[in-house]
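In the UniProt record's numbering, the protein residues as written are 1 to 300.
Below: the structure, in structure tokens.
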């Protein structure tokens with residue numbers, strides 16, 4: 001990453017039911033992010049946390065089948081505006097979540113700066129639900145759907161733009177909890193997905209190399225949306241929707257190293273760190289390890 005990093009915290013928590021994910025940005029900071037970046041001679045500015053609504057309900061709105069739509073939309077507009085400020089300064093956006101709904105705001109702004117923005121979605125879940133098919137009504141499970149133009153108008157037209165990421169410019173890595181409605185969207189829209197079965201069959205080296213090459217051929221920028229539940233919960237216990245059987249710490253760090261070496265990434269977000277569910281801030285520490293690797297840290 002040749003340009004300066006612009007770091008923001010995006011502490012939305014009301015797009016999912018667990019208290020504590022709003023503490024994720026500061027947990028990541030507390031785990032030593034600044035020191036690791038300084039050791040890599042990375043030039044950065046931390047702009048603190050975006051002001052977002054913190055109060056919501058755990059009940060679905062009967063009209064929309066969604067929880068906290070107004071508040072999540074308002075928070076994501078604030079995130080988009082702050083990402084816009086970072087891009088105007090020519091800085092590389094690094095967004096610390098917060099739940100995964102923050103991707104709606106970040107991607108809605110990042111999209112404007114590229115002809116063909118690509119997205120790597122490193123996650124146990126594809127987050128391709130909409131109000132019509134969501135079992136829960138939690139918007140953090142709809143963020144990728146909204147980013148490709150599916151879902152409630154307030155989410156799809158975030159930040160004044162209804163144009164969204166092309167489904168063929170998305171690569172999902174590590175998926176192992178996919179709802180039936182999401183499977184249909186994946187097949188109908190031609191979204192490239194590497195499930196855990198693919199990683200087990202071909203290995204992470206093949207998966208990440210193929211993902212990089214695939215996106216290099218069709219995009220002019222790549223946003224990494226990294227959910228810590230993408231990693232096996234043995235390494236990241238502090239997250240709200242853990243799913244057993246994910247990539248190991250070692251496999252994930254290798255993938256992050258390959259992404260750094262490829263120089264394809266133009267922005268990064270890390271989400272769903274919840275210190276109230278964690279064991280001694282272990283998950284935030286793993287998140288920092290992965291971010292340091294993405295910015296060039298090597299073992300030797």
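Don't be surprised by glycine CBs; every beta carbon is placed ideally from N, CA and C.
Keep in mind that this is a model prediction, so the values were computed, not measured.
Cβ-Cβ distance between residue i and residue j below 8 Å
i: residue 182; j: residue 126; result: yes
i: residue 92; j: residue 4; result: yes
i: residue 221; j: residue 260; result: no
i: residue 66; j: residue 104; result: no
i: residue 170; j: residue 148; result: yes
i: residue 143; j: residue 101; result: yes
i: residue 124; j: residue 230; result: yes
i: residue 165; j: residue 128; result: no
i: residue 253; j: residue 293; result: yes
i: residue 18; j: residue 281; result: no
i: residue 288; j: residue 28; result: yes
i: residue 49; j: residue 25; result: yes
i: residue 232; j: residue 248; result: yes
i: residue 113; j: residue 87; result: yes
Beta bridge counterpart(s) of residue i as assigned by DSSP
i: residue 269; result: 95, 225
i: residue 192; result: 171
i: residue 187; result: DSSP lists no partner for residue 187.
i: residue 119; result: 170, 223
i: residue 153; result: The partner list for residue 153 (beta bridge, DSSP) is empty, contrary to what the question assumes.
i: residue 61; result: 66
i: residue 5; result: 44, 92
Local conformation of residue i per DSSP, three classes
i: residue 128; result: coil
i: residue 86; result: helix
i: residue 214; result: helix
i: residue 49; result: strand
i: residue 158; result: helix
i: residue 261; result: helix
i: residue 281; result: coil
i: residue 176; result: coil
i: residue 289; result: helix
i: residue 232; result: coil
i: residue 300; result: coil
i: residue 274; result: coil
i: residue 139; result: helix
i: residue 147; result: helix
i: residue 114; result: coil
i: residue 244; result: coil
i: residue 107; result: helix
i: residue 201; result: helix
i: residue 100; result: coil
i: residue 181; result: helix
i: residue 239; result: coil
i: residue 55; result: coil
i: residue 208; result: helix
Separation of residue j from residue i, as counted between CA atoms
i: residue 205; j: residue 7; result: 29 Å
i: residue 300; j: residue 216; result: 28 Å
i: residue 80; j: residue 203; result: 35 Å
i: residue 139; j: residue 178; result: 15 Å
i: residue 70; j: residue 238; result: 27 Å
i: residue 173; j: residue 268; result: 15 Å
i: residue 78; j: residue 9; result: 11 Å
i: residue 63; j: residue 73; result: 16 Å
i: residue 45; j: residue 180; result: 42 Å
i: residue 279; j: residue 272; result: 15 Å
i: residue 264; j: residue 256; result: 12 Å
i: residue 97; j: residue 32; result: 16 Å
i: residue 122; j: residue 193; result: 10 Å
i: residue 99; j: residue 228; result: 10 Å
i: residue 51; j: residue 16; result: 18 Å
i: residue 246; j: residue 214; result: 22 Å
i: residue 283; j: residue 22; result: 14 Å
i: residue 224; j: residue 130; result: 22 Å
i: residue 276; j: residue 20; result: 5 Å
i: residue 150; j: residue 59; result: 22 Å
i: residue 68; j: residue 108; result: 19 Å
i: residue 209; j: residue 200; result: 15 Å
i: residue 262; j: residue 244; result: 29 Å
Distance cut-off 7 Å: residue i Cβ against heavy atoms of the ligand COA
i: residue 149; result: As presented, the structure is devoid of all ligands, the ligand COA included, so that no description of it is given.
Closer than 8 Å to chain C by CB, residue i
i: residue 96; result: No chain C is part of this structure, which consists of one protein chain only.
4-residue-minimum alpha helix (DSSP H) runs that sit fully inside the region 8–45, ordered along the chain
24–30, 33–39
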